[in-house]
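A.B. asks:
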Amino acid sequence: MSKEFIKGNEAIAEAAVRAGCRFFAGYPITPQNEVPEYLSARLPEVGGHFIQGESEIASVYMVFGVAATGIRSMTSSSGPGFALKAEGISFLAGGQIPAVLVNVSRGGPAIGTIEPAQQDYFSAVHAPAPGGFRCFVLAPQNVQEAADFVYEAFDIADKYRTPVYVLADGMIGNMMEVVELPKMRDLADLPSNDSWRFNKYNDDGTARILSTYMPMGELMQNKNKEMAAMYETWEKEEQRWEEYMIDDAEYIVTAYGSSARIAKSAVKELRAEGIKVGLIRAITLYPFPKDAFDKLDYTKVKKMFCAEMSIPGQYIYDVQNAVLGRSEIIPIQTSGGVIMETDMVVAAVKENL
Amino acid sequence: MEKVYDKVSFTSKTSPTGYCPGCGHGTAHKLFASALEHFNLRDKTVLIYPVGCGGLAMPWINVNVIGAAHGRAGAIATAIKRTNPDNFVISYQGDGDLAAIGTAETIHAANRGENITVIFINNANFGMTGGQMAPTTMLGQTATTAQSGRSLEEHGAPLRMAEMIATLDAPKYVARFALHDAKNILKAQQGIMKAVELQVKGEGYSFVELLSMCPTNWKKSPADCAAYMDEAVLKAFPLGVFKDVK
Amino acid sequence: MEKSVLIAGFGGQGVMSIGKMLGYAASDAGKYASFYPSYGAEQRGGTANCTVIISDEEIGSPAVSKLDMLIAMNQPSFDKFAKKVKKGGSIIVNSSLVTSKVEDPDIEAVYVDANDIANDLGSPKVANIVILGAYIGLSGALSEEDGKAIIKKMLGGKADLLEMNYQAFDKGIQAVK
Ligand SMILES: Cc1ncc(C[n+]2csc(CCOP(=O)(O)OP(=O)(O)O)c2C)c(N)n1
Ligand code: SF4
Ligand SMILES: [Mg+2]
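Protein chains in written order, with our numbering: chain U, 4 to 356; chain B, 78 to 323; chain E, 286 to 462.
(1) Suppose contacts are defined by Cβ-Cβ distances below 8 Å. Is R137/U in contact with P34/U by that definition?
(2) What do you reckon, is the C-beta of D172/B under 7 Å from a heavy atom of ligand 4?
(3) Find the residues of chain E that neighbour F8/U, judging by a C-beta separation of less than 7 Å, and give them in chain order.
(4) I'd like to confirm something about G129/B: is its beta-carbon nearer than 7 Å to some heavy atom of ligand 3, or not?
(5) What do you get for F320/E, buried or exposed, if any count of 16 or more other CB atoms within 10 angstroms of its CB means buried?
(6) Can you grab the Cα-Cα spacing for the pair G226/B / G171/B, in whole Å?
(7) Roughly how many angstroms lie between the CA atoms of V251/B and S283/B, to the nearest whole one?
(8) Over the uninterrupted beta strand (DSSP E) stretch that includes Q170/B, give me the two end residues.
(9) Just how far apart, CA to CA, sit M205/B and K203/U?
(10) Along chain U, which residues have their Cβ under 8 Å away from the Cβ of P212/B?
(11) Please return the same chain residues whose Cβ sits closer than 7 Å to the Cβ of N450/E, not counting the five positions on each side in sequence.
(12) For the alpha helix (DSSP H) containing T345/U, list its first residue and its last residue.
(13) List the residues that DSSP assigns as beta-bridge partners of K306/U.
(14) Name the DSSP beta bridge partners of V105/U, please?
(15) Identify which residue in L216/B, R189/B, H115/B and K249/B has its Cα closest to the Cα of E230/B.
(16) Are the Cβ atoms of V107/U and G173/U separated by less than 8 Å?
(17) Who does N202/B pair with in a DSSP beta bridge?
(18) Taking C-beta pairs closer than 8 Å, name the residues in chain B that Y30/U reaches, listed in chain order.
(19) What I want to know is whether the C-beta of H106/B ends up closer than 7 Å to one or more non-hydrogen atoms of ligand 1.
(20) As an exercise, report each continuous beta strand (DSSP E) stretch of at least 3 residues that is fully enclosed by the region 188–253 of chain U, in chain order.
(21) Output yes if chain E places a C-beta closer than 8 Å to the C-beta of I265/U; else output no.
(22) Run through DSSP, which three-state label would V383/E get?
(23) With hydrogens ignored, establish whether the beta-carbon of M343/U is closer than 7 Å to any heavy atom of ligand 2.
(24) Closest to F139/U by C-alpha separation, out of E246/U, A96/U and V38/U, would be which residue?
(25) Helix, strand or coil, according to DSSP, for N161/B in the structure here?
(26) With a threshold of 7 Å, establish whether the CB of G56/U neighbours any heavy atom of ligand 3.
(27) Quick one: list the residues of chain U neighbouring G466/E, beta-carbon separation under 9 Å, in chain order.
(28) Three or more beta-carbon pairs under 8 Å between the region 273–286 of chain U and the region 233–245 of chain U, yes or no?
(29) Looking at the unbroken beta strand (DSSP E) that takes in F53/U, where does it start and where does it end?
(30) Considering only C-alpha positions, which residue in the set G95/B, L287/B, A146/B and I178/B is nearest to I138/B?
(31) Let me know the secondary structure DSSP gives Q147/U once reduced to three states.
(32) Anything in the region 335–348 of chain E with a Cβ closer than 7 Å to a Cβ of chain U? List those residues in chain order, please.
(33) V85/B to V140/B, Cα distance in whole Å?
(34) Do the region 303–319 of chain E and the region 231–246 of chain B touch if we need at least three Cβ pairs shorter than 8 Å?
(35) Less than 8 Å separating the beta-carbons of C335/E and I402/E?
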């Protein structure tokens, strides 16, 4: 496989095409514009369709409609656009429609800044919209992972019939890196969705109805129990994380996405000075990699550090919930588009030895 | 026109407007600022700014600003004017903002006949985000999301907002002007004066569409942009007063 | 070794293309590379900058706070970024447009009259290729062959233009020797 030097947003777009995505709808917003721009030209080449919606709301419902017919579909945006897509994401989850959502996030709240930030954590991981559903959330730390995770997101979406959310940021979207793009999938090899797609009748001739309107409480409750069981499966089987130098670590830094690669550089610098520090990087944000924190030997861990590009912190809540008071957790935070610096992480650890 | 602009007492003498050279937003700002000055409205003004290049002149314009979410200016302006009738409420919006994401708010504010003044900058693309197709992009015009040009079959024809709004019963004054030469700028100035005066007199909704150059995303020099306005833009968007209720 | 360089100048000085060429060249040479541009509204003010990191191993932050090297294509870029260069780092100053001198004795300064050299060669447009040569000559992050190969690949086109770009590249290398 040959390597390419490619921009994150374009790698995301091309990986989607190779995964079998044949429909994209979106609305311009920085820092993700190259995703729709690329796909506007690329999708027609492979027999797919691109539509620039008149808003994010229209775009997410275009995806909802197409995905309900079983065609692999994606939308992308940044924070302000995701706010508007939220209702549609709830419809995807409630209707059990597989689709891929890519957030190339920036500083907020409201319009905020266009620079990279990690301030959409809660909205991606905990509460995109009403109804208490979840998305399966993957957090790439570089362009290679952005491509790989988007590619895989389509399989996860089909496997569980769920929206899968890839939470990147403006740094990953706008930087170029050396990447090995995944191979082009043959649409004939994709899993069949004949058993559920809503433009096909059941074998006995009965109609299929996609409606999230459930006027009887009990029906809704049963549906939610089904969803809860699926989330439990994810929590048991799908947690993903990376560990770096934690075997003998007395200090543990944890981070995800862009701040994790920065934290890793800090860990390397600190190790070079003989400080026993390691890194836990969350790869799935939901299901949260609780096991990574559970299996630590807290008699050895002196302190933990949680690095994220969000003020107030958001990721730290899930970390606290996994650590459950077994260690002190010191926040290291930047916000609004101020990129975390390696030095900042190094200094925070040294101050707390 | 420079003379009119020089007379505006409140705009910044030190901060630039923040627009690219040749950008129509700069001209439009000078025009509505001088209308505010003419009617002595600066101290009553609430300017509803869009998300888009329009909003870049905040430090220059030096009037009170409420920044809307993308497309929502029509709703915000409506409600402020209803509850603060002594304020002069003007919304200033781009074509992505007013005619794509904000179409619903735009049409409904117009249809209710709110006593507000709407300045609509049509530069035939999403300027701030780098030249994507807007509802106003012309047939055949290229955009980063329509790289071989807008096509009637795939994208539909460009939306003519002024004409659409003129079909509604409530609006009092609906017109389209262009900003690429002195003659047109003078007409636009008169139209904006009229729109501002309507609100001052409590007479109702006015909508002024301004065809505006975006040299950066049209990828043309300001001079070439001006020629393109005559060749193409004014043909797709005829100038004129579409409604003027006496 | 991870080597970072920030390249900054006016839009139109080819800052982004130098950055991308370095990235492509490093990628072709089998190295890790990252290119991180300033983007969006930042560019409306008419300035542009990008950070390029070339490394033999996985790259940490693509937007480092302390630079190994700065390429200052114009005066505002020098004023803004010179202080971000590490002790022991270096600055390539486009002395055709930058009048300041590097005052910190711990920072190596190299002055290259990129625009003048380009004008002498007959095309003001190749000033950025002069700088590309200077960077490769000074940093050692890539070989001269890597540089020439990427010029050929990306600016190939007409033979006489290619020749002029090669000359510009060579002048850049000589300027830092
Ligand atoms: C909800 C939301 N979606 C998208 C954006 C990104 N965005 C910023 S400005 C803009 C459009 C700019 O185009 P236009 O309204 O025509 O104004 P111009 O810059 O051309 O004057 C968009 C889509 C946003 N800020 N918020
Ligand atoms: S990008 Fe276009 S609309 Fe925006 S300031 Fe520049 S010329 Fe004006
Ligand atoms: Mg516009």
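Where is the CB? At the ideal position from N, CA and C, for every residue including glycine.
C.D. replies: Put simply:
(1) In the first sequence, counting from the first residue as 1, residue 137/U sits at position 134. In the first sequence, counting from the first residue as 1, residue 34/U sits at position 31. In this structure, P34/U does not lie closer than 8 Å to R137/U by Cβ.
(2) Within the structure as shown, ligand 4 is missing, the only ligands being ligand 1, ligand 2 and ligand 3.
(3) Residue 8/U sits at position 5 when you count from the first residue of the first sequence. Taking a Cβ-Cβ cut-off of 7 Å, the neighbours of F8/U in chain E comprise G308, Y309, S312 and A318, given in sequence order.
(4) Translated into the one-based positions of the second sequence, residue 129/B becomes position 52. Under cutoff, so the answer is yes.
(5) Position 35 of the third sequence, counting from 1, holds the residue named residue 320/E. Result: buried.
(6) Numbered from its first residue, the second sequence carries residue 226/B at position 149. Numbered from its first residue, the second sequence carries residue 171/B at position 94. Each residue's alpha carbon lies about 21 Å from the other.
(7) Within the second sequence, the letter at position 174 stands for residue 251/B. Within the second sequence, the letter at position 206 stands for residue 283/B. Near 6 Å, if we compare the C-alpha coordinates of S283/B and V251/B.
(8) By 1-based counting over the second sequence, the position of residue 170/B is 93. Start and end: F165 to G171.
(9) The residue you call residue 205/B lines up with position 128 of the second sequence. The residue you call residue 203/U lines up with position 200 of the first sequence. Going by the C-alpha atoms only, they are around 43 Å apart.
(10) Residue numbering aside, residue 212/B sits at position 135 when the second sequence is read from its first letter. Neighbours of P212/B on chain U, chain order: E57.
(11) Translated into positions along the third sequence, residue 450/E becomes position 165. V411, I414, I436 and L440.
(12) Taking the first sequence and counting its residues from 1, one reaches residue 345/U at position 342. Counting along the chain, the alpha helix (DSSP H) containing T345/U begins and ends at T345 to E354.
(13) Numbered from 1 along the first sequence, position 303 holds the residue referred to as residue 306/U. Paired residues: Y254/U.
(14) Within the first sequence, residue 105/U is the residue found at index 102, counting from 1. Beta-bridge pairing by DSSP links V105/U to S79/U and V169/U.
(15) Looking up residue 230/B in the second sequence gives position 153. When only C-alpha atoms are compared, the closest one is L216/B.
(16) Here residue 107/U is taken as the residue at index 104 of the first sequence, counted from 1. Here residue 173/U is taken as the residue at index 170 of the first sequence, counted from 1. Contact flag set, yes.
(17) The count along the second sequence starts at 1 and reaches residue 202/B at position 125. Residue pairing from DSSP leaves N202/B without any beta-bridge partner.
(18) As a position in the first sequence, residue 30/U is number 27, starting the count at 1. Residues of chain B passing the Cβ test: A177 and I178.
(19) Locating residue 106/B in the second sequence gives position 29, counting from the first residue. Every heavy atom of ligand 1 is 7 Å or more from the Cβ of H106/B, so no.
(20) Runs found: 244–247.
(21) Within the first sequence, the letter at position 262 stands for residue 265/U. For I265/U, a Cβ of chain E is located within less than 8 Å of the residue's own Cβ.
(22) As a first step, residue 383/E is located in the third sequence; it is residue number 98 there, counting from the start. It is coil, neither helix nor strand.
(23) Counting from one through the first sequence, the residue named residue 343/U turns up at place 340. No, since every heavy atom of ligand 2 falls outside the 7 Å radius drawn around the Cβ of M343/U.
(24) Against the first sequence, residue 139/U aligns to sequence position 136. It is A96/U.
(25) Sequence index remark: in the second sequence, residue 161/B carries index 84 (1-based). Looking at N161/B - three-state DSSP - the assignment turns out to be coil, as it is neither helix nor strand.
(26) Here residue 56/U refers to the residue found at position 53 of the first sequence. G56/U Cβ: outside cutoff for every heavy atom of ligand 3.
(27) Because chain E in this structure spans residues 286 to 462, residue 466/E falls outside the shown range and cannot be described.
(28) Cβ pair count under 8 Å is three or more, so yes.
(29) What you label residue 53/U is simply residue 50 of the first sequence in a count that begins at 1. Residues H52 to Q55.
(30) For this step, residue 138/B is matched to residue 61 along the second sequence. Considering only alpha carbons, the answer is G95/B.
(31) Residue mapping note: residue 147/U aligns to position 144 of the first sequence, counting from 1. Here Q147/U sits in helix by DSSP.
(32) The region 335–348 of chain E vs chain U, Cβ under 7 Å: G345, S346, P347 and A348.
(33) Working through the second sequence from its first residue, we reach residue 85/B at position 8. Working through the second sequence from its first residue, we reach residue 140/B at position 63. Linking V85/B to V140/B through their CA atoms gives a straight-line distance of about 12 Å.
(34) Judged by Cβ distances under 8 Å, the region 303–319 of chain E makes no contact with the region 231–246 of chain B, as fewer than three pairs qualify.
(35) Position 50 of the third sequence holds residue 335/E. Position 117 of the third sequence holds residue 402/E. It is not a contact, given that the beta carbons lie outside the stated cut-off.
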